[in-house]
Every structure is written in C-alpha cells, then in structure tokens.
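**Student:** In my numbering, the protein residues as written are 1198 to 1382. Note that CB positions come from ideal geometry on N, CA and C, so glycine has one too.
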C-alpha cells in the first residue's frame, strides 16, 4: 500500500530521515497483524498534490491524518478518528486580544490551500480575508512576518511547528470554535 504523507506532528514527522508518529505506529501494528506492507512516499509534495494523486489513483493509496468531509468521502474510505486535536486561533505575541472568530472580522488569516479551514472561512466567515499558502510552515511564517493577522490550526501540530521553526513571536490566542481536527486513515 503506497502511503502519501506530510509532516503533521504528533501523527506524522521525521526523526533522522525516518517516518515516526502516531499514524506510523498504527500502520506498523496493522502491518504486523495482517502482513500488509506499507511503502512511504519519499517525494516532497504538497497536501493538494497528494490529495489529487490519491483521487486519481496515481501513486498514492492511503493518506494518514486526513480529516473526513463530504467531498473527500466521494473518493476515500475513512477509519474512525484516532486523535482529537482542537483548532486554535494563533496570533503574534503583540496582537490585540482575540477571544473568538468574531474578533477576526476584517482581518487577514493565513490558510493552507485545500485545508478544511480554508473552505470554512469562505462559507461561514466571508468577512474574514485569507492569504492562501501551500503549507503550515508558510502560514506560520506569514503570521510571524505580519503578512497575516492570525492562523487557525490544530493545537498540537501547530505548537510543534512553531517551536521547530523558532517562531517566538507567535502565541495560541484561543480556541477557534471550529470543529476539532479528527485525523483518520
């Protein structure tokens, strides 16, 4: 089974060039119990590219840590979620107080292309502007460099990425009120 993945700790990350994390441990257990062999993609690609290749059945059979939605259900089967990750609003340390999505009206958020938050903002919060980026690292850098006022992401992976990138001017401001991330396979 060909596995397409991206860095999304604690579910997916690399240690000395080898895949690690909750999702990989689950797949290892499945392999041990069933004999199914998983081949992990080594090509560096975007989430959008991996999703397209999975839909087209062109090189990827499984994507761990993907959240289910009606569009994705047309192309994929999902397991039950194996981890809940609340979505938080992240701002710079010096930003005005933010306590909810309402405080983001008229502001610009950095959002990853094809992530659910991107769609939810368009559908539910048309008064919030978006700067669309390719991945979480770009979104956090846009926030840190004041190209965006805020970023909404899952608490654990985002905190991990902030620390990894050394972005000391970013804080978790408050829960977003958007549905929790529920990674599935």
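According to the Cβ coordinates, are residue 1315 and residue 1327 closer than 8 Å?
**Tutor:** Cβ distance < 8 Å, so residue 1315 and residue 1327 count as in contact.
**Student:** By Cβ distance, which residues of its chain are closer than 8 Å to residue 1310, with the 5 residues on each side in sequence left out?
**Tutor:** 1243, 1244, 1245, 1329, 1330 and 1331
**Student:** State yes or no: is the C-beta of residue 1359 within less than 8 Å of the C-beta of residue 1289?
**Tutor:** no
**Student:** Could you check if residue 1228 is buried or exposed, using at least 16 other CB atoms within 10 Å of its CB as the buried criterion?
**Tutor:** exposed
**Student:** With a CB to CB cut of under 8 Å and the five nearest residues on each side skipped, what residues in its chain are close to residue 1442?
**Tutor:** Any property of residue 1442 remains undetermined from this structure, which presents the chain solely from 1198 to 1382.
**Student:** Taking the alpha-carbon positions, what's the residue 1266 to residue 1212 distance?
**Tutor:** C-alpha of residue 1266 to C-alpha of residue 1212: approximately 30 Å in a straight line.
**Student:** Does residue 1274 pass the burial test, meaning 16 or more other C-beta atoms within 10 Å, or should it be called exposed?
**Tutor:** exposed
**Student:** Taking just the CA atoms, how far does residue 1203 sit from residue 1256?
**Tutor:** 15 Å
**Student:** Just the Cα atoms here: how many angstroms apart are residue 1341 and residue 1260?
**Tutor:** 29 Å
**Student:** Classify residue 1339 as helix, strand or coil using the three-state DSSP reduction.
**Tutor:** Residue 1339 falls in the helix class under three-state DSSP.
**Student:** Residue 1302 and residue 1345 - do their beta-carbons sit closer together than 8 Å?
**Tutor:** no
**Student:** Would residue 1216 and residue 1353 qualify as a contact pair, given that the criterion is a beta-carbon distance under 8 Å?
**Tutor:** No, the pair does not count as a contact, with Cβ atoms beyond the cut-off.
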